[in-house]
Each structure stands twice: as structure tokens, then as C-alpha cells.
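Asks: For the sequence shown, the working numbering begins at 280 and goes up steadily by one. Positions of the beta carbon are idealized from the N, C-alpha and C atoms, including for glycine.
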Amino acid sequence: LDLTKEPIAQSGIRFSFCGAAPLAADLWQTFEETLSLPVYQGYGLSETTCWAAATPPDQPRRYKTVGKVLPGCEVVIDSDAIDAETDVFPVRADSENTEESTEGTGTKEVIGEVLIKGDILMSGYYQRKKLTKSLYTPEGYFRTGDIGFLDKDGFLEIVGRIKEIIIRRGSNILPADIDPFLTLHDDISECKTVGVADKAVGEAVMTAWVPSPSATKKPSNIVLRKQLLSHISASKIPDRLIPVGALPKTS
């Protein structure tokens, strides 16, 4: 969205849909405010054949969520799929769905793997019966591999993928616990946190970040760690913060 250009004429356009990839909350808000055009986000997978959740058009926006579960679908959260020892993650301090969420405390929302059930599900993977069976529960729910939670009003928020979980010294850390807060710094345009094998701690937390075009100099690691500590607990601070020219992306 190029804000330097004149607003796009949208006569005849009543709304727009967004799917296929997560829609960042700030981009969503900016798009709607700039074009005065509502955007409805949906959530689904190839295995669900269509959306399983979507933004309700008649309710206030929850920009960090993918909306409410659609009729004909059931969504449950399996906390045991993440970690048998840590089955409830604290909701991050930026969550717009809790009134008193803080790092390291309990939470009303249980975070876990998102499971989906309903007629929209595929019948199975072609000629891969073993894989199909492994991804369905005995009750018929499909394991999406996505990590999320349902808030008290039934809105679904996706916070990461199971494969993205970093386990450092036995503690679970998600890239989503770090990345949104680091990019709040004016001199950072984007970043990505990953886990790197480490004999001492299991996985070290490494965050690669890209300077913003307007940055006159690169912020120091001390500055960036202070930035993060104002939003997250010290237990989630990355071991390494590495400036890079660009982040690799798929075409």
C-alpha cells in the first residue's frame, strides 16, 4: 500500500477479502482507513477446502484475529499438542483480547494447536493413508499445525506454527512473542526470529532484522534489547540480534 500516491478510486467497490496469508494488523487498519473500504479476513487451509473462520461484517474489528468460526465448522484448541509440561502459554502483553495479561502469569485463554472439524474437511491425502490418519483425531478433528486461541468472544487468533516453537532451557518461545515488538522500533522494517541448535540450552534464539530505509544508523543491540524488555519478559529476549540486508521470501 503506497501512501505517497493519491487514494485509489473505489466507486462500485463495497468490500475486499484477504486470504492465503496472514494479514498484519497495522496493514489491515491502514488499508481500511486510507481507502475507506472494509476488509474481511478469512482463515482456512488447503485441507479445509475453504474458510473455517472469517471476520464478522456486523461486529467491531479484532485486527489481530482471523474472525469467528463459520457455521458448519467446529474449532477446538489442543493445548497438549504443544508441550506436555507447559500446556498453557501466557497471552502476550500486546493481546487485545485480555484485560489483564502479563508475561509469566496465567491466562483465561488456553493456547494450543487449532483443530478443525466439519463437512469442509478433505476426505484425505491422495494415496497417503498413513499421513491422513496421523493428522486426524479419533473424534474426526483435523490437526492444522497452527497455534492459536479462542478469546472470550469466540474470535480466533493465530500466533504461530508448531514447527516454529523454539525450546530454550525447557521454555517455549514463539517468533510472534518477539517479532511484533522489535518492529515497533522506527529503524527496523522487518525481522524474523528462529531457533538455532545449541548444546548448552537446546535452542538459541536468533533474530535477524532489516533496517528501515529511513534509518540513519543501525540501532545497537543494547537499544534493541531495551526495546524488547519494555514489552516482553527477559526470559524471551533473543540470544543474538543480527542486522541483515533483506529477509529471504518465497516468490
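Compute the distance between the beta-carbons of I445 and G474, then report whether it is under 8 Å.
Replies: It is a contact, given that the beta carbons lie within the stated cut-off.
Asks: Should D432 go down as buried or exposed, given a rule of 16 or more other Cβ atoms within 10 Å for buried?
Replies: Answer is exposed; the Cβ neighbour count stays below 16.
Asks: Name the two residues that bound the continuous alpha helix (DSSP H) containing D458.
Replies: D458 -> alpha helix (DSSP H) spans D458 to L461.
Asks: Could you check where the beta strand (DSSP E) with T486 kicks off and where it finishes?
Replies: Where T486 is concerned, the enclosing beta strand (DSSP E) stretches over G481 to P490.
Asks: If you reduce the DSSP assignment to three classes, tell me which class A476 lands in.
Replies: Here A476 sits in strand by DSSP.
Asks: Can L429 and E392 be called in contact, C-beta distance under 8 Å?
Replies: No, the pair does not count as a contact, with Cβ atoms beyond the cut-off.
Asks: Does the beta-carbon distance from K458 to R440 come in below 8 Å?
Replies: Reading off the sequence, residue 458 comes out as Asp, not Lys. Contact flag unset, no.
Asks: Is it buried or exposed, C352, if we count other Cβ atoms within 10 angstroms and call 16 or more buried?
Replies: Buried.
Asks: Would you give the residue range spanned by the beta strand (DSSP E) that V354 belongs to?
Replies: Where V354 is concerned, the enclosing beta strand (DSSP E) stretches over C352 to D357.
Asks: Per DSSP, what kind of secondary structure is L507 in: helix, strand or coil?
Replies: Correct three-state label for L507: helix.
Asks: Output the boundary residues of the alpha helix (DSSP H) element that contains F294.
Replies: Here F294 belongs to no alpha helix (DSSP H), and DSSP marks it neither H nor E.
Asks: Starting from the C-beta of P490, find all residues in its chain whose C-beta is less than 8 Å away, skip the five residues before and the five after it, and write them out in chain order.
Replies: Result list for P490: D466, I467, S468, K497 and P522, in chain order.
Asks: Do V355 and A332 have their beta-carbon atoms positioned less than 8 Å apart in this structure?
Replies: Not a contact, by the Cβ cut-off of 8 Å.
Asks: Secondary structure at L410, three-state DSSP: helix, strand or coil?
Replies: Three-state result, L410: helix.
Asks: Between which residues of its own chain and A455 is the CB-CB distance below 6 Å, once the five residues before and five after are set aside?
Replies: V438 and G439, listed in sequence order.
Asks: Out of F310, A513, L463 and Y415, which one is the CA nearest neighbour of D357?
Replies: Looking at the Cα atoms, Y415 is the closest of the given residues.
Asks: Looking at the secondary structure, which residues open and close the beta strand (DSSP E) in which L302 lies?
Replies: Per DSSP, L302 belongs to no beta strand (DSSP E) and is neither H nor E.
Asks: Can you round the beta-carbon distance between L461 and L507 to whole angstroms, since I take them to be within the 8 Å contact cut?
Replies: So it is a contact: roughly 6 Å between Cβ atoms.
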